[in-house]
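Chains as they are written, first to last, in the numbering used here: chain A, 436 to 806; chain B, 1049 to 1365.
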């Protein structure tokens, strides 16, 4: 019934997506951003209004295209339809049909026609060493393309860890001088969606928030949307009770690992990594669809200075330290008992005192004799 | 110049007689409860051992993390210390199967400053660094007045004041009932964090009535329990446990502003069994009597002069 009432232009736009699925999608987006459920309707309106349909230009720098892949492989039934049909993806090297000069012409035209209106998404880092020669597209350094395009964009989104802070190419010795977009475009507001790859919903939610409310979502000091990166993995992890109780997997495949114990001792970076992975999960396949859920310690891929920097199996220094589930006993032993060193020291002092006493007594005796 | 053994013992016996006589001569200096005193009612039977109070205490008072042993994962103090103002401890016996049972059971206890009616630390402090608020009765510490003698540590029957041994400019550290939060109209962090109402903040006279009410509850029946604050509208319904017939702190050690209820005897929970008359009152009685009008010191001094003179005289002879 309701499906019939669904305005026909919208239905046309949705191309085979049922109203039910579409509204469900909008609801999911609203919830993942921590917005009230009613916002789903606003989002639906925003993304079905052709006048508001914004052009998106997607640039690729030094990266592996994993971010694009993750966006394409989300298993929501109608996601690819919505994204391909509802935003105007004017330039995307992986997805576009055109190639070579034709593609570059499309980019130029879109930038010119939509100056100040398009969303610029950048995937991958910018090599700045040696005049930026390590990444060139159409014979031009990627650094120049980014600078030129960003100047005309309505909003700049850095997707993935490479674009957000340099990613794995920026690990020492960083031969290409790989730089993240926020560092490269100093002074421009860049929304970072780090992750290797990032959860596609963190990206989609940010884009839809911008389309719906005409402003960027609340960002933290690193330019990351707070709804996605405002929480610590360790504080929201499904295995946290095992951590508090001191039940750890000591090595891969051991009894504790098979029982789903905490992976802290295997080098999990959850205690120092800010992301919503345990809350939002990946690929909508149900519970456990995130690294820790599958039995692999968190790698800290979203955090600069953690992912690709701290070795995988190195234990993290806990950021928010809380008591364990164990309690102190009523009576506690004080001190560590007598150590060999302290015994020797005390023995020495006693010995000196006895010796001094004996000498003093002897002298007194001599004095008495003398008298 | 030589004091004969005989004379010395004579003098010693004389002073002993005076000391023995003094308490009988003394007027009781025992302090009574302040009418507007504030405190906490801790109910061990409601405590679930979640340690939310320990976490919030550390946060509210900006206290450092305390690792114990070689582990670096948890903030795990084993006792109160210069880094820990509040701790949940556990009593365990036998199979530790049933909560709040002495045999084959377990029980939680929360330890922090009891804010004594007649605090020994305040009495022992020679520099007025430890003071008891004249209105709320909260025992606070002033680091600027402290001379670092640690008499308060020795005096406290509950072993509460802790010294910063690892600090070159050390302070005494103890619970001050979050008076910095109370100044902002808030309640102590441990009470606001407690999810079950095991730590209940309020005026001691109201808490005492509440404690009596709980003492009269029939074990196994359901009753309403306020959460966080005695005047709170947030109420939880719990099954009353079997309380031991003892409100700790009502009279113990001259009374404390932190009252406790439990299903396990308090000595098992590590609380000292104290006489109803505070040690402070006993000690102050002896001292104040001895020094009353400086009569005894003058007599003692006179006695000493007499002994010396006599010895001198004998020597000359």
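Don't be surprised by glycine CBs; every beta carbon is placed ideally from N, CA and C.
How many Å lie between residue i and residue j at the Cα?
i                       : j                       : result
residue 667 of chain A  : residue 480 of chain A  : 33 angstroms
residue 533 of chain A  : residue 560 of chain A  : 24 angstroms
residue 506 of chain A  : residue 1221 of chain B : 55 angstroms
residue 592 of chain A  : residue 1218 of chain B : 51 angstroms
residue 652 of chain A  : residue 643 of chain A  : 10 angstroms
residue 527 of chain A  : residue 620 of chain A  : 21 angstroms
residue 594 of chain A  : residue 468 of chain A  : 17 angstroms
residue 1434 of chain B : residue 787 of chain A  : A question about residue 1434 of chain B goes unanswered here, because the residues of chain B that appear run from 1049 up to 1365.
residue 568 of chain A  : residue 576 of chain A  : 6 angstroms
residue 1245 of chain B : residue 1335 of chain B : 42 angstroms
residue 720 of chain A  : residue 508 of chain A  : 12 angstroms
residue 1170 of chain B : residue 1106 of chain B : 25 angstroms
residue 711 of chain A  : residue 1247 of chain B : 34 angstroms
residue 1331 of chain B : residue 1195 of chain B : 22 angstroms
residue 574 of chain A  : residue 540 of chain A  : 14 angstroms
residue 1076 of chain B : residue 1239 of chain B : Only weak support is given to the placement of residue 1076 of chain B: the predicted model assigns it a pLDDT of 44, under 50, and the question is left unresolved by the model.
residue 1066 of chain B : residue 1349 of chain B : Note that residue 1066 of chain B scores 49 on pLDDT, short of 50, meaning its location in the model is unreliable; the coordinates nonetheless yield the value given after this. Roughly 13 angstroms between the two C-alpha positions.
residue 571 of chain A  : residue 562 of chain A  : 10 angstroms
residue 1363 of chain B : residue 1352 of chain B : 17 angstroms
residue 1087 of chain B : residue 1326 of chain B : 18 angstroms
residue 1229 of chain B : residue 679 of chain A  : 29 angstroms
residue 1147 of chain B : residue 714 of chain A  : 34 angstroms
residue 489 of chain A  : residue 465 of chain A  : 19 angstroms
residue 1082 of chain B : residue 1166 of chain B : 10 angstroms
residue 1143 of chain B : residue 1152 of chain B : 5 angstroms
residue 529 of chain A  : residue 745 of chain A  : 32 angstroms
Does DSSP put residue i in a helix, a strand or coil?
i                       : result
residue 547 of chain A  : helix
residue 513 of chain A  : Interpretation of residue 513 of chain A is limited by its pLDDT of 47, a score under 50 that renders its predicted location unreliable; the figure taken from the coordinates is listed afterwards. If DSSP states are grouped into helix, strand and coil, residue 513 of chain A belongs with coil.
residue 613 of chain A  : strand
residue 1294 of chain B : coil
residue 603 of chain A  : helix
residue 501 of chain A  : helix
residue 641 of chain A  : helix
residue 1164 of chain B : strand
residue 1153 of chain B : strand
residue 789 of chain A  : helix
residue 796 of chain A  : helix
residue 1313 of chain B : coil
residue 749 of chain A  : coil
residue 1332 of chain B : helix
residue 586 of chain A  : coil
residue 436 of chain A  : With a pLDDT of 44 at residue 436 of chain A, under the threshold of 50, the modelled position of this residue cannot be trusted; read the value that follows with caution. If DSSP states are grouped into helix, strand and coil, residue 436 of chain A belongs with coil.
residue 709 of chain A  : strand
residue 1076 of chain B : Residue placement at residue 1076 of chain B is poorly supported in this model, since its pLDDT is 44, which falls under 50; the coordinates are not used for a value here.
Looking at the strands, I want to know which residues DSSP matches up with residue i.
i                       : result
residue 1129 of chain B : B:1132
residue 697 of chain A  : A:683
residue 1090 of chain B : B:1247 and B:1308
residue 1349 of chain B : The partner list for residue 1349 of chain B (beta bridge, DSSP) is empty, contrary to what the question assumes.
residue 1284 of chain B : B:1273
residue 627 of chain A  : A:593
residue 1211 of chain B : B:1220
residue 393 of chain A  : Because chain A spans 436 through 806 in this model, residue 393 of chain A falls outside it and cannot be assessed.
residue 527 of chain A  : A:493
residue 1188 of chain B : B:1179
residue 1083 of chain B : Answer by DSSP bridge pairing: none, since residue 1083 of chain B is not bridged.
Counting only C-beta atoms, is residue i closer than 9 angstroms to chain E at any point?
i                       : result
residue 1157 of chain B : Looking at the structure shown, chain E is missing, and the protein chains on hand are A and B.
Subject >> Interfacial residues, the segment 1307-1320 of chain B to chain A, with Cβ spacing under 7 angstroms >> reply: If the cut-off is 7 angstroms between Cβ atoms, the segment 1307-1320 of chain B has 1317 and 1318 near chain A.
### At least 3 beta-carbon pairs within less than 8 angstroms: the segment 1126-1146 of chain B vs the segment 1159-1166 of chain B
Taking 8 angstroms as the limit for Cβ pairs, the verdict is that the segment 1159-1166 of chain B does touch the segment 1126-1146 of chain B.
- Task: Decide if the segment 1171-1178 of chain B is in contact with the segment 1299-1318 of chain B; the criterion is three or more beta carbon pairs, one per stretch, under 8 angstroms apart.
- Result: Contact between the segment 1171-1178 of chain B and the segment 1299-1318 of chain B is not established, with fewer than three Cβ pairs separated by less than 8 angstroms.
| message | For the segment 597-604 of chain A against the segment 737-747 of chain A, do three or more pairs of beta-carbon atoms, one drawn from each stretch, fall closer than 8 angstroms, so that the two count as touching? | response | The segment 597-604 of chain A vs the segment 737-747 of chain A: in contact.
| message | With three or more C-beta pairs closer than 8 angstroms as the rule, is the segment 491-506 of chain A touching the segment 668-688 of chain A? | response | With the cut-off at 8 angstroms, the segment 668-688 of chain A and the segment 491-506 of chain A do not touch.
Note to self: Contact between the segment 1287-1298 of chain B and the segment 1263-1277 of chain B is defined here as three or more beta-carbon pairs at a separation below 8 angstroms; is this criterion met?
What the structure shows: Contact between the segment 1287-1298 of chain B and the segment 1263-1277 of chain B is present, because at least three Cβ pairs lie under 8 angstroms.
Self-check item: Members of the segment 1117-1130 of chain B that neighbour chain A once the beta carbon cut-off is set at 8 angstroms
Solution: Of all residues in the segment 1117-1130 of chain B, 1120, 1121, 1122, 1123, 1124, 1125, 1126 and 1127 have a Cβ within less than 8 angstroms of some Cβ in chain A.
Of all the residues that make up the segment 1099-1118 of chain B, which are near chain A by a beta-carbon distance shorter than 7 angstroms?
Interface annotation for the segment 1099-1118 of chain B against chain A: 1099, 1102, 1103 and 1113, criterion Cβ-Cβ distance under 7 angstroms.
**Study point:** Within 7 angstroms of chain A by C-beta, residues of the segment 1198-1213 of chain B in sequence order
**Key:** Residues are counted here when their Cβ sits less than 7 angstroms from a Cβ of chain A; for the segment 1198-1213 of chain B the count is zero.
*asked:* Please identify, using Cβ separations under 8 angstroms, the residues of the segment 1135-1151 of chain B that lie next to chain A, in order along the chain.
replied: Residues passing the 8 angstroms Cβ filter: 1135, 1136, 1137, 1138, 1139 and 1140.
- request: Give a yes or no on contact between the segment 1102-1122 of chain B and the segment 1250-1257 of chain B, applying the rule of three or more CB pairs nearer than 8 angstroms.
  value: Taking 8 angstroms as the limit for Cβ pairs, the verdict is that the segment 1250-1257 of chain B does not touch the segment 1102-1122 of chain B.
| Listed in chain order, which residues of the segment 658-681 of chain A have Cβ atoms closer than 9 angstroms to some Cβ of chain B? | Per Cβ criterion, the list reads 678, 679 and 681.
With a cut-off of 8 angstroms, do at least 3 Cβ pairs link the segment 678-690 of chain A to the segment 490-498 of chain A? Contact between the segment 678-690 of chain A and the segment 490-498 of chain A is absent: fewer than three C-beta pairs spanning the two stretches fall below 8 angstroms.
Do the segment 604-611 of chain A and the segment 621-638 of chain A touch if we need at least three Cβ pairs shorter than 8 angstroms?
With a cut-off of 8 angstroms on Cβ pairs, the segment 604-611 of chain A is not in contact with the segment 621-638 of chain A, counting fewer than three such pairs.
- [ ] Pull out every residue of the segment 1279-1300 of chain B whose Cβ sits closer than 8 angstroms to any Cβ of chain A, in chain order.
- [x] Within the segment 1279-1300 of chain B, not one residue has a Cβ closer than 8 angstroms to any Cβ of chain A.
Using 8 angstroms as the Cβ pair cut-off and three pairs as the minimum, do the segment 776-795 of chain A and the segment 1144-1157 of chain B touch? Result no; under three Cβ-Cβ pairs closer than 8 angstroms.
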